[in-house]
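Worksheet for the structure shown next.
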Amino acid sequence: GGVFTSPTCGTCFSGNDFLPVNASPGVHNITYTYPPYSVAAVTFSPLTSAGTQVFLADEAMSATNLPIGFSFNFYGTPYSTFQISSNGFISFTQSGPTGCCSGQTIPNSSAPNNLIAACWDDLNPSVATITYSTQDVAPNRKLVVTFSNVPFTGNATPDVTAQIILYEGSNNIEIHTTNVGNSNGGTTQG
354 GGVFTSPTCG TCFSGNDFLP VNASPGVHNI TYTYPPYSVA AVTFSPLTSA
404 GTQVFLADEA MSATNLPIGF SFNFYGTPYS TFQISSNGFI SFTQSGPTGC
454 CSGQTIPNSS APNNLIAACW DDLNPSVATI TYSTQDVAPN RKLVVTFSNV
504 PFTGNATPDV TAQIILYEGS NNIEIHTTNV GNSNGGTTQG
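To convert, note that position 49 of the sequence shown is 402 in my numbering; the numbers rise steadily by one, no gaps.
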């Protein structure tokens with residue numbers, strides 16, 4: 354679904370096929386751009402967070418295979434299930450790491466990967482509420498994952514209230530955040 358380009362070898366590609374006969378000797382930088390994902394400003398409008406409650410201890414992942422409720426395409430791969438990390442993200446990698454104890458730049462070659470972060474940091478949801486639900490009807494369903502009043506580990510104040518919404522068909526992703534308090538040095542969202 355992406356496009357290959359090269360500023361030094363403009364005729365080296367026909368679609369996604371590399372044509373070495375058109376390449377002059379030397380080094381050529383080649384870029385691959387995958388266009389279906391972009392970032393757009395969205396007015397905050399959290400959805401009703403009623404749904405299935407997930408109880409997580411500190412440094413935990415939810416049960417594997419939580420249902421999305423539809424096929425969601427994430428970077429070219431369709432998924433029908435996900436997991437929730439106690440550290441503020443959802444993952445499409447089953448039995449992946451919890452992401453302790455801080456976020457990281459994404460994308461990144463270090464695990465965990467294949468995730469969407471509402472507020473990735475060292476969180477402790479054992480005294481908070483995390484829910485998920487699939488809302489509406491095909492072909493316009495959406496998965497809503499809500500982190501409500503989740504404190505950072507070692508902090509009694511509820512610091513994080515955020516929502517991840519996945520849309521059927523368009524594969525759009527929205528992250529809505531009402532509160533991200535003082536973290537241990539920054540959080541990862543995206």
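Positions of the beta carbon are idealized from the N, C-alpha and C atoms, including for glycine. Only a predicted model underlies this, so the values are computations on that prediction, with no experimental measurement involved.
So residue i packs on residue j, CB below 8 angstroms; how close in whole Å?
{"i": "Val513", "j": "Gly441", "result": "6 angstroms"}
{"i": "Thr434", "j": "Asp475", "result": "Between Asp475 and Thr434 the Cβ distance is about 26 angstroms, and since that is not below 8 angstroms, they are no contact."}
{"i": "Thr386", "j": "Gly355", "result": "6 angstroms"}
{"i": "Thr541", "j": "Val533", "result": "Between Val533 and Thr541 the Cβ distance is about 11 angstroms, and since that is not below 8 angstroms, they are no contact."}
{"i": "Pro492", "j": "Gly522", "result": "5 angstroms"}
{"i": "Gln447", "j": "Asn418", "result": "7 angstroms"}
{"i": "Phe357", "j": "Ile383", "result": "6 angstroms"}
For residue i, collect the residues of the same chain with a Cβ closer than 7 angstroms to its Cβ; drop the 5 residues on either side in sequence, then sort them by chain order.
{"i": "Ser438", "result": "Met414, Ser444, Thr451, Gly452"}
{"i": "Ser486", "result": "Ala403, Gly404, Thr405, Val497"}
Residue i by DSSP, collapsed to three states: which one?
{"i": "Asn426", "result": "strand"}
{"i": "Pro373", "result": "helix"}
{"i": "Ala490", "result": "According to the sequence as given, residue 490 is Val; it is not Ala. If DSSP states are grouped into helix, strand and coil, Val490 belongs with coil."}
{"i": "Ser479", "result": "helix"}
{"i": "Phe408", "result": "coil"}
{"i": "Val533", "result": "strand"}
I'd like the list of long-range same chain contacts for residue i, defined as Cβ closer than 8 angstroms, with 5 residues on each side in sequence excluded.
{"i": "Ile421", "result": "Tyr432, Ser433, Thr434, Phe435, Thr487, Leu496, Leu519"}
To which residues of the same chain is residue i closer than 6 angstroms at the C-beta, ignoring the five residues directly before and after it?
{"i": "Thr571", "result": "As displayed, the chain neither begins before 354 nor continues past 543, which places residue 571 out of reach and without an answer."}
Indicate whether the contact test is met: 3 or more Cβ pairs, each with one atom in the region 490-500 and one in the region 410-417, closer than 8 angstroms. Verdict: no, contact absent.
Can we say the region 428-442 touches the region 460-472, given the rule of at least three CB pairs closer than 8 angstroms? yes
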